[in-house]
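Student: According to mature numbering (1 follows the signal peptide of the UniProt record, and there is no 0), the stretch in the sequence shown is residues -22 to -1, 1 to 549, in order. All residues carry an ideal CB built from backbone N, CA and C; glycine is no exception. Because the structure is a prediction, the values reported are computed rather than measured.
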Amino acid sequence: MKSYAKFLILSTGLLTAFFAVAGCGSVASTVTQKPDGQKPGKASGQPIQATSSGPPAGSPANSGTAGSPSSGRASSSGSALPGLSYDWPTFGNNLWQNRVSPIARTVPNPKQHWSLQYSLPVSAGGGSESFPLEQDGILYFTTMQARVIAMDAATGRVLWTYAPKLHLLQGIPTINRGVALGDGKVFVLTADDRLIALSQSTGSLIYQVTVADEAKGYFESMAPLYVNGKVFVGSAGGDEGVRGFEACYDAATGALIWQTYTVPKRGQGWLPSTGQHGGGAVWNVPAYDPATQQLFFGTGNPSPDFFGASRPGPDPMTDAVVSVQSATGQVNWYQQEVTHDLWDYDVASPPMLFSVGGQLAVGEAGKDGKWYEWYAKTGKPVFAPIAFVKQRHSPPTATPTLEWPGSDGGANYGPSAYNPAQHTVLITGINGPEYLRALPTSHTGYRVDDGTSAQAAPVGDWRGTLTCIDTQTGKVVWQNQLATPAIGGVTTTVGGTAYFGEANGWLYGVDVYNGKTVWAYHAGIPAGSAPIVYKTSQQVYLTYVLGQSGSLQGLFPYQGETRILTFRLGQ
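(1) With Gln148 as the anchor, note down where its beta strand (DSSP E) starts and where it stops.
(2) Under the rule that 16 or more other beta-carbon atoms within 10 Å means buried, what is Arg125, buried or exposed?
(3) Pull up the distance between the alpha-carbon of Gln531 and that of Ser507, whole angstroms please.
(4) In the DSSP assignment, what are the bridge partners of Asn397?
(5) Please state whether DSSP places Leu331 in a helix, a strand or coil.
(6) Just the Cα atoms here: how many angstroms apart are Leu533 and Ala102?
(7) From the DSSP output, in three-state form, read off Leu530 for me.
(8) Assuming Leu73 and Pro328 are in contact, meaning their beta carbons sit under 8 Å apart, how far apart are those beta carbons, in whole angstroms?
(9) Bridge partners for Pro280 per DSSP, in chain order?
(10) Verify whether the separation of the beta carbon atoms of Gly257 and Gly222 is less than 8 Å.
(11) Do Ala481 and Ile503 have their CB atoms nearer than 8 Å?
(12) Can you list, in chain order, the residues of its chain whose CB lies under 6 Å from that of Gly156, leaving out five sequence neighbours each side?
(13) Grab me the residues of Thr402's own chain with a C-beta within less than 7 Å of its C-beta, minus the 5 sequence neighbours each way, in chain order.
(14) Please confirm whether Gln178 and Tyr519 have their CB atoms less than 8 Å apart.
(15) By Cβ distance below 6 Å, which residues in the same chain neighbour Gly195 in space, the five residues on each side in sequence not counted?
(16) Just how far apart, CA to CA, sit Thr443 and Asn458?
(17) Do the CB positions of Lys345 and Ala362 come within less than 8 Å of each other?
(18) Have a look at Ser97 and Gly525 and give me their C-alpha separation to the nearest angstrom.
(19) Do the CB positions of Ala354 and Gln272 come within less than 8 Å of each other?
(20) Do Met295 and Thr356 have their C-beta atoms closer together than 8 Å?
(21) With a cut-off of 8 Å on the beta carbons, I'd call Thr475 and Val496 a contact; round off their distance for me.
(22) Expressed to the nearest angstrom, what Euclidean distance is found between the alpha-carbon atoms of residue 556 and Leu547?
(23) Residue range of the beta strand (DSSP E) that Asn310 falls in?
(24) In its own chain, which residues sit with a C-beta less than 6 Å from the C-beta of Thr469, not counting the 5 before and 5 after it?
(25) What are the partner residues of Tyr239, as DSSP defines its beta bridges?
(26) Rounded to whole angstroms, what's the CA-CA distance from Pro25 to Gln369? Just pull it up for me.
(27) Would you call the CB atoms of Pro398 and Ala58 closer than 8 Å?
(28) Which word fits Asp114, buried or exposed, when buried means at least 16 other C-beta atoms lie within 10 angstroms of its C-beta?
(29) In whole angstroms, what separates the C-alpha of Asp171 from that of Asn492?
(30) Reducing DSSP to helix, strand and coil, say where Lys194 ends up.
(31) By Cβ distance, which residues of its chain are closer than 8 Å to residue 550, with the 5 residues on each side in sequence left out?
(32) Helix, strand or coil for Asp228, going by three-state DSSP, please let me know.
(33) Whole angstroms is fine: what's the gap from Lys143's alpha carbon to Pro99's?
(34) DSSP three-state label for Glu412, please.
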């Protein structure tokens, strides 16, 4: 994961005055070795062109107006997806990470529209990647410094806040993507490698435990996942050569239950005994299947980044989707999206579960700009990967080479979303190139991979895509070209609308069946995360936590205040 290192502004801004580890599971690889410099596998589909979902020139900003949605569609309650809630109690609404709301009445039309309920400041510094949760009428979200805020969803009144005191080594990035709820607690991870449990009702500290060693280059950025008395935690810092892992903790006590590493120890397997080698970090939330108790998580790039001569071979279990038994961490299977990665193509976006022909499948949108699917039981591919952004690859050398997509993706950490009526998935892509340069690497302190570099091509070349793919066939149903990337991902509703935001500060709702824009709002603040749609006290709300992603600060800089915006659906 090189993105944060290129553009991240270390978040030291003050909040505005508004807020006064144990063994490793065995591995049965299903990949074959490719020679050094092998390009990623060719996708079976290529992006198709469609009209932009952005408003035409001269369209009114902040109008909140909408077009009429299409009619005559098949309806679906989403009942085939387990655990969907009219609240939004976990990262993807349910444990399959489908990121779909079962609320049918979400499509704006001439008789009902989204009106702004409140817009409130959250923090200074411009950065936010927080994915909010909502339960029983209360919102829970974070700042980049892992400050946790509980807020009345209907009014915006702050109920409590908790601000951990971070003890960061020089250069440690501060990124936080949200919390988990369960067992009457709020769970949050901090950049200095702590898992903190708070009282859900008061915000008071219940316990905190250390999950990794910051001095070795580890940090935490992901939202944890709560399931049945357990909290699942990953690891960041793969570019620093740390040994990536997924771990499971007892939610009641914070005791470690298991820890599964994604790469071997130094001097074993493909890793030499010295040097900053390793990687395979797990830096986004996993998916969980209650029926089989399987956990599915993605892993990051191998280290050293870009320069592969010192790590010949496929670098097993890096850039992979991994299936483990949730009770023990025992590995069932893994599938690499990119073997011997030379482009920083992590599996960054959360995996998602759904049914294909009556069988459970897992899909993921890769940083290499392709959509992948495998059968969840065996790890066998459902179909060949499907491209959703431009593809242009060559092994990077000492002379900068233009690579498409760049190391930001493709798809970055932002989640994809499912449409159960069509059995389609919606993916936000970053369609932008980078100049990569690779030389023998070394590490100095907490700096990453000296001797390599990734420099974005001019900002005019960086745009976004929103792609709808049929999960049963792999067919691209439609694709919108976006004016700027929507790195934060997308959220769908059974009502037939998908919501997201771009780096240019525009928020959108589009028809999931054809991509037509049905709602647009100019917030003027980038969207570093996807919104949530929920119902409380019989009222439907749409909430965004807005601020720029650390990965895009260099291309689309934003130094203003981050804000939370909530819209109410009504007449």
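Tutor: The short version:
(1) Gln148 -> no beta strand (DSSP E), and no H or E assigned at all.
(2) buried
(3) 14 Å
(4) Thr402
(5) strand
(6) Roughly 19 Å separates the two Cα atoms.
(7) Reduced to three states, the DSSP call for Leu530 is helix.
(8) Their Cβ separation, rounded to whole angstroms, is 11 Å, which puts Leu73 and Pro328 out of contact at 8 Å.
(9) Gly257
(10) yes
(11) no
(12) Ser108, Phe109, Thr120, Ala201
(13) Within the same chain, Cβ atoms closer than 7 Å to the Cβ of Thr402 are found at Cys446, Ile447, Asp448, Thr449, Val455, the five residues on either side in sequence being excluded.
(14) With respect to the 8 Å criterion, Gln178 and Tyr519 are not classified as neighbours on the basis of their beta carbons.
(15) Cβ within range, chain order: Gly215, Glu218, Val220.
(16) 6 Å
(17) no
(18) 13 Å
(19) yes
(20) Not closer than 8 Å, so no.
(21) 6 Å
(22) What the structure shows of the chain is the stretch from -22 to 549, and residue 556 is not part of that stretch, so it cannot be assessed.
(23) 309 to 314
(24) Arg77, Ala395, Tyr477, Ala508, Pro509
(25) Note: Tyr239 sits in a beta bridge opposite Phe223.
(26) Here Pro25 scores only 35 on pLDDT, less than 50, and its place in the model should not be relied on; the value that follows carries that caveat. Rounded to whole angstroms, Pro25 to Gln369 spans 9 Å at the Cα level.
(27) yes
(28) exposed
(29) 43 Å
(30) DSSP places Lys194 in helix when its eight states are reduced to three.
(31) This structure gives no information on residue 550, because the portion of the chain shown stretches from -22 to 549.
(32) Taken through DSSP and simplified to helix, strand or coil, Asp228 comes out as strand.
(33) One C-alpha to the other measures close to 21 Å.
(34) strand
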